[in-house]
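Residue numbers (UniProt numbering): 1 to 74. To keep things clear, I will list the structure first and then write my remarks on it.
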């Protein structure tokens with residue numbers, strides 16, 4: 001009977017640890033991506049030039065704002 005309780009407690013601790021670890025890792029990654037966005041203005045400017053577009057500062061600001069809004073919605 002005691003082994004059943006030990007196994008049950010071990011399973012509950014494992015499930016709680018996995019859930020807690022997932023949420024901590026998710027929060028950490030969201031904060032990291034907010035502070036260090038994957039694309040910056042220079043990368044966007046280079047990408048637009050490679051696609052054959054002449055990047056104006058207004059268009060780059062517009063695209064950066066749209067990407068920032070997309071991240072904030074999630």
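Even glycine gets a Cβ: it sits at the ideal position worked out from N, Cα and C.
Backbone secondary structure at residue i - three-state DSSP
i	result
residue 73	helix
residue 54	coil
residue 39	coil
residue 48	helix
residue 64	helix
Rounded distance between the beta-carbons of residue j and residue i, thought under 8 Å
i	j	result
residue 24	residue 44	Not confirmed; about 31 Å, so no contact.
Which listed residue (the options) has its alpha carbon closest to that of residue i
i	options	result
residue 56	3, 22 and 41	41
Would the region 64-72 and the region 32-45 be scored as touching if the rule is three or more Cβ pairs under 8 Å? yes
At a cut of 8 Å, does the region 2-15 reach the region 27-34 through at least three beta carbon pairs? At 8 Å Cβ cutoff, the stretches do not touch.
Jot down the residue ranges of each uninterrupted beta strand (DSSP E) in the region 8-32, minimum 3 residues, whole runs only, in chain order. none
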